Each structure stands twice: as C-alpha cells, then as structure tokens.
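Under UniProt numbering, the residue at position 492 of the sequence shown is numbered 492, and the numbers go up by one with no gaps.
All residues carry an ideal CB built from backbone N, CA and C; glycine is no exception.
A quick note: this is a predicted structure, and the numbers were derived from the prediction, not measured.
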Amino acid sequence: MGSCISSVGPQSPVRATEPPEPAATAAAAAVTGRGQSNKGFKPEENQKPPTPPQPQQRNGQLPQAAPAARIVEVKPVRRPATPPAGDSSSNRSLTGEKTKNNEMDDQSEKNAGSEPLSGLMYNSLQKAPSTQYAESELGTERMPSVGTPEASFACSVRLKKIARLVEEDTINKELLVQNLRYAVQVLEAVYEDETKRLCNEDDDLPEVSPNEVPSEVRDWLASTFTRSQTSLKQNKEKPHFRSVANAIRAGIMVERIYRRLSSSSSISVPPNVLLLLKAGLDEWCFDVFELNEVSENHAMKFVGFELLHKYDLISKFKINSSVLENFLYKCEEGYSKWGNPYHNLVHGADVAQTCHFIMHDSKLVNWLTDLEIFATIIAALIHDYEHTGTTNNFHINTNSDLALLYNDKGVLENYHVSAIFTLMREDDYNILTGLTREEYKEFRALVIDMVLNTDMSLHFQQIKNMKQLLSMPEKIDKEKALALMLHCADISHPGKRWDLHYRWTLGLLEEFFRQGDRERALDLPCSPLCDRTVTMVAQSQVGFIDFIMEPSFNVLGDMLEKILGPLFEQQRKAGGSAGPDDDGSASESGSPSIRRPWADVIKENRATWKARAEIEEAEKKQREAEAAEKEEAG
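Structure follows, in structure tokens:
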C-alpha cells in the first residue's frame, strides 16, 4: 500500500475540498504509513515499467488434482421488451378485454414505448392534456416532443382517430400527411432507443468462441440468460445474449463440468495451517501474525491460495496451481525485498483477509461477479508489492527514480500495480492465462483502480465522493465501492482487537522512524511522526481513529447497506434471510442493517489510547519542566 503510509504519512499532501485539521493530518500518518486468444492471453509488451527482480523458475510440480467445479446460480435482471405489432397474444387492452378498434390500436394502446405501461402510468397518460388534444384535434402543434413516453402514447391515440377518419373518408390530405410525418418521427426515436439498448446487451456473445462453450450450452445460455426484442413475441429469431459477465462465466463453468482441467493441481497446505485458516479466515479479528509464524513466514501464500480456492476461482479461471504457487512465492519475495516492519507480506495477507471478511460477512459477494471477486483478492494481495518502506513524499523529496518515472503522482501505488503486471508477463507467474481478452481488460482496470485509490492523499476526496453518492438515489458504481472497500481494509487495524492493533502500530512507527533516520542522514527535514525522539504515539493514534479510520468505516457500512438493502428486502419478501445475520435486524430507517464488528473494537482501542495519551502528556510536561529548570540553572 503506498496506500496508507504513502499518503497519510509524513508531509503527504491531502487532496480535499476542505483542508483537514492539523490533528487529522498528523493522525493520518500514524496509522498506515504508508489474451489475445481466449487461452493464454498476455499483455502486449510495450514500454516496460521498472522490472522486479528476475524470476527464478520453480521446477517442482505438485501432484495433479482437478478441483471440483460447482454451479453458480445466475439470475440476470430481465428488462421488458416491446411485443410486436400484430402478435395475437398482445391484442388486448390493459383490462384484458378485446378493444373495439383494430389490432394495431390494441397494441399501441398497451405499449406506449419500449416497455409496458403500469396501470397507474396508463391512467395518468390518459388524463394528460396531450392525450386529450390527440383525441379531439388533428393538428400536431401541441403534440408532445418526439422521443418521450407521452409522444408514443399520444401518437397511438391520434393514429386510432385518423384510422377511423380514413375509413369514414372525412380527413383531408394535408392533415393526414402532417400526422403521418409526426408518427414517423416518433417511431424512429423509439427504434433508435431500442436499438441502442439491444446493442449494449448483445455485444458480449461473440466473445465466447464455440471452442470454449459447446453449442448446446451456448443455446441454453442464450435462451436462459437473454431477452431479445422478439423473445417475447414469436421466439423465431436468434436470441440475443445479455451483456452480463456472469452469464458468460456461467457457460464456461458449465462446460467445465464435462471437461476438467488436467493442468490444475492443489497446493499442499500443512495441517496446522489449514486448521488456522478454517477456524479464523471468516472472522473479523483473524490473527494473521499467528498464521505467519505457524506457516514459517508464508502467510500470504496460504491466505491467497485459500481465498482463491474458497471462491472456486482457481477452477473458474483455469489457474494452473504450479503457476499460482510461483506467483504467490514471488509476491512474498517482493514484500520481503526491503525488510519492512509494516509493509510486508503479513500486511498484504491481512488486507486480503479483511477484504474477504467484508465481502463474505455482508454478503457483498452476491452483488459481485466472479471476475470482480478475483480482481479484489489479487488487488488486496499485491497492493503494496515491493513497498520501499518510505512514503511517497520521501520519494518526491529525494527525486527518486520512481518519483521521476511517475511524475510525483501516486508514486508507490503506480509502482506496485505496474511491477505486478510486469511480473505476470513471465509465463511462470502469469495466473491470467485463462482469461479472455475482455476479461483481462476488465480485471486489469479493476486492479489498477483499486490499488491507485489506496493512495492516502486521495482519502478525503474519496470519502466525500462516496458520501455524495450515498445521498443520491442512483446506484453505487462497483468500481467506487470496491476501491473504498480496499482502502478501508488497508487502514483497518485500529478496528482489530488490541493485541493485533498494537503490534501493527509498533511496526508502522518503526518503519516511520527508519525513514526519519534516513532523512536526518540526508540532511532533510524529519517528516511528521518520523522522529523517534519526540513522536507522541498514543495521541497520534487517537487522532487517526477520530479523523480517518472511524469516519471511513462509517461510510463503508452505509455504502454496504445501500447496496445490499434491496437484496435483503427481496429475500425477506421471498421468505428467506433478511440480512447477513439472518436475524432480520434493521436500522432506524427500517432497512436491513449490516453487521459492523469493528465499531465496538474501535471504541475500546480509542479509550485505551486516550488513557495512554494522558500519561504521555503528563510525561511530556514533566520533561519540559525539567528542561526549563536546567536551563534556568545553567
């Protein structure tokens, strides 16, 4: 994470509309410092970012064992489409009775646009002035603007009136032509809108080649997960494939039921490591330090493998286990490169496990696609890959190669993600060979966005933007939601139980102090919290919790409730679980609430730090008094 330390850390610029209070700035630093083809796709080799150490190919192959594939139920949201004119099934009015006019009139009355009208909207349009005008007059001056639902409805009413007048031969040619031209414009607008919608839905089907999905499965996908303009009519035309990544992956996964991957094998997990993972991986206060000790400094390898296995991503994305093991080993080497007390492989494993807890415990996984879960886990694992143990400002102030390369913008964050994708150019470490071209693009974009947003200099703007989204009726973008989740996981240790939090704090401060020592040696000003002789540890932690960590997790909880509230409500109406705890708990607003296990822990840790801060302050005053006495005596 160039994340926490890099941005909140010493002298890190804070990008925010309103400048944070000095206490907030100091506190922030305290806590985190901070294929081309469907198979074997690799990024093109353009200009290379800084290259990590040359990989060492591992020859040892593990026993081959194909993991069992499981079927994931995919329920795409269907969008109503317009039945065709002339379909006998649609030639009824909204009351269910035959109308007195011809079948075209029935259809136009029922469908004023591309979607069926509700009874309330139908009654509202019937009473609209434009509708009354269409029934009583023949001019087009007061007809609704083309492209609106009112225009479609009023046009249908007017055409029925004109049809009767034509039968009676009581309409002149000029008025007839004028109305027909208006009707043509309305129909063209409806056609353009519907075409755009269908194009957006259909553009993913060609990406799934016949070699990946058998024709029978492909046909099943098309009939099950699509809704074309004619699928509600006669079902004679080729159905269109909805542009939903879940449907594509579902087809590939069904195909895997018949064709297992012979190249997959399972990474061997020692029994004592497996016991810890099974007992604690789904818990908020998982002790990653204990796991690292039991696994002999391989916490990242086993957390990474267990999470990918838990979500069945190794099978779903055809990840060769030997390559995966090489990749995880290389990640551990990168995190260990500079011997950091804080930004090391244990931190990477901890952030990945924290992201997993948030997704799993809140049921956010039900909102995400497999590819998004895959990208989130990898982004969490690699977000501080080859961290230098210094802040972004240190790189900028020393004109380091990385600062020059990335133009002083998100120096470490850019390097982390660039270095890891450079590593995956090597066949021995490329875990993305099972992704299609489109999947690779989406995966890469998600990982880049999540890792770059761990830059703490973006913290206040990120929180402000999410608060604005929470106050609006629109849905939350997945990219923004995942970026905030990773950012919060990156700064989460003040919300873990005291022994874990305190150990993280000591590691981070030691990393800060080492930077301060280097700054002093380079005759540079010592960055805030980096002077081991004067730093007030307890006060800095209280400030970080109050100004950075707790507000961030409050926003995270609110975001999860807004995203998942509608899903929980649907489950409740269907007789299922009402929320992540299956207890039907609700917030004051009446919507299902998300469990927030960090809230009580934050209060306890804050109280502990405040008590220590009082002691610190008393000791500081005593030292100052003693110094003053010596000065007077001298």
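Nearest-angstrom Cα separation, counted from residue j out to residue i
i, j, result
"lysine 160", "leucine 138", "12 Å"
"alanine 349", "cysteine 331", "10 Å"
"leucine 165", "valine 146", "23 Å"
"leucine 368", "glutamate 386", "29 Å"
"phenylalanine 286", "alanine 299", "12 Å"
"lysine 337", "methionine 472", "45 Å"
"lysine 420", "tyrosine 429", "Residue identity differs from the one stated: residue 420 is isoleucine in this sequence, not lysine. Roughly 10 Å separates the two Cα atoms."
"histidine 356", "glutamate 604", "24 Å"
"glutamine 515", "arginine 532", "10 Å"
"arginine 520", "methionine 485", "36 Å"
"asparagine 344", "arginine 572", "43 Å"
"glutamate 617", "alanine 627", "15 Å"
"asparagine 292", "tyrosine 329", "14 Å"
"valine 537", "histidine 309", "39 Å"
"asparagine 46", "proline 270", "Legend: pLDDT at asparagine 46 = 45, less than 50; position of this residue unreliable, value from coordinates given subsequently. About 41 Å."
"serine 295", "alanine 279", "15 Å"
"alanine 633", "alanine 625", "12 Å"
"methionine 456", "aspartate 600", "25 Å"
"methionine 424", "asparagine 272", "31 Å"
"lysine 173", "glutamate 167", "14 Å"
"isoleucine 319", "arginine 437", "16 Å"
"alanine 403", "valine 411", "6 Å"
"leucine 509", "leucine 522", "20 Å"
Reference residue i; option with closest CA among the options
i, options, result
"isoleucine 602", "Tyr429, Ser362, Gly495, Leu405", "Gly495"
"glutamine 132", "Val146, Phe153, Gly147", "Phe153"
"lysine 478", "Asn297, Val323, Lys173, Met559", "Met559"
"valine 351", "Ala521, Asn179, Trp504, Lys610", "Trp504"
"proline 144", "Phe460, Glu306, Tyr182, Val269", "Tyr182"
"asparagine 326", "Asp427, Gly410, His343", "Asp427"
"isoleucine 491", "Leu402, Leu509, Phe553", "Phe553"
"lysine 562", "Leu470, Ala627, Cys530, Met456", "Leu470"
"asparagine 414", "Met424, Asn392, Arg425", "Asn392"
"glutamine 185", "Glu167, Val537, Thr140", "Thr140"
"isoleucine 267", "Glu192, Ser400, Leu307", "Leu307"
"phenylalanine 443", "Ala403, Ile377, His501", "Ile377"
"arginine 612", "Val323, Asp401, Ser540", "Ser540"
"alanine 379", "Leu446, Leu405, Arg425, Glu333", "Leu446"
"valine 542", "Tyr502, Leu522, Cys526", "Tyr502"
"leucine 567", "Lys475, Arg142, Thr422", "Lys475"
"arginine 606", "Glu438, Asp546, Val346", "Asp546"
"valine 346", "His360, Asn320, Ile382, Ile319", "Ile382"
Other residues of its chain near residue i: CB distance less than 7 Å, five sequence neighbours each side excluded
i, result
"leucine 524", "Asn397"
"isoleucine 162", "Ile171, Leu176, Asn179"
"asparagine 340", "His387, Gly389, Glu511"
"threonine 354", "Ala489, Ser492"
"residue 637", "Residue numbering for the chain in the displayed model covers 1 to 634; residue 637 lies beyond these limits and cannot be assessed."
"lysine 467", "Val555"
"glutamate 439", "Leu371"
Beta-carbon contacts of residue i that lie in its chain and below 8 Å, excluding the five residues immediately before and after
i, result
"lysine 441", "none"
"isoleucine 448", "Val417"
"leucine 274", "none"
Within 8 Å, strictly: CB atoms of residue i and residue j
i, j, result
"arginine 158", "alanine 189", "no"
"valine 451", "histidine 416", "yes"
"tryptophan 284", "proline 551", "no"
"leucine 435", "phenylalanine 305", "no"
"lysine 363", "leucine 564", "yes"
"leucine 482", "glutamate 372", "yes"
"histidine 487", "threonine 535", "no"
"isoleucine 548", "histidine 459", "yes"
"phenylalanine 544", "cysteine 530", "no"
"isoleucine 431", "valine 555", "no"
"tyrosine 342", "glycine 557", "no"
"tryptophan 498", "threonine 422", "no"
"aspartate 384", "tyrosine 311", "no"
"arginine 623", "aspartate 361", "no"
Close Cβ partners of residue i (< 6 Å) along its chain, the five nearest in sequence each way excluded
i, result
"residue 637", "The chain is shown from 1 up to 634; residue 637 falls before or after that span and cannot be answered."
"leucine 117", "Per-residue confidence for leucine 117 stands at a pLDDT of 45, beneath the threshold of 50, marking its modelled position as unreliable; the derived number appears in the next sentence. Correct list: empty, nothing qualifies."
"leucine 313", "Phe374"
"aspartate 408", "Ile396"
Residue i at chain C interface by Cβ criterion, 8 Å
i, result
"proline 341", "Absent from the structure is chain C; it holds one protein chain and no more."
Legend entry - Inside the segment 499 to 547 only - alpha helix (DSSP H) runs reaching at least 4 residues: You should have 537 to 544.
Inset, instruction - Could you pull out every unbroken alpha helix (DSSP H) segment of at least 4 residues lying fully inside the segment 363 to 391, listed in chain order? - result: Runs found: 370 to 382.
Legend entry - Secondary structure, alpha helix (DSSP H): runs of 4+ residues fully inside the segment 381 to 452: For the alpha helix (DSSP H) assignment, the uninterrupted runs of no fewer than 4 residues enclosed by the segment 381 to 452 are, from N- to C-terminal side, 392 to 397, 401 to 405, 411 to 423, 437 to 452.
Inset, instruction - Kindly provide the ranges of any alpha helix (DSSP H) runs that are 4 or more residues long and lie completely inside the segment 457 to 502, ordered along the chain. - result: If one requires a minimum length of 4 residues, the alpha helix (DSSP H) runs lying completely within the segment 457 to 502 are 459 to 470, 478 to 490, in chain order.
Legend entry - alpha helix (DSSP H) runs contained entirely in the segment 299 to 371, provided each spans 4 or more residues: Complete alpha helix (DSSP H) runs here, min 4: 299 to 310, 313 to 316, 321 to 335, 345 to 362.
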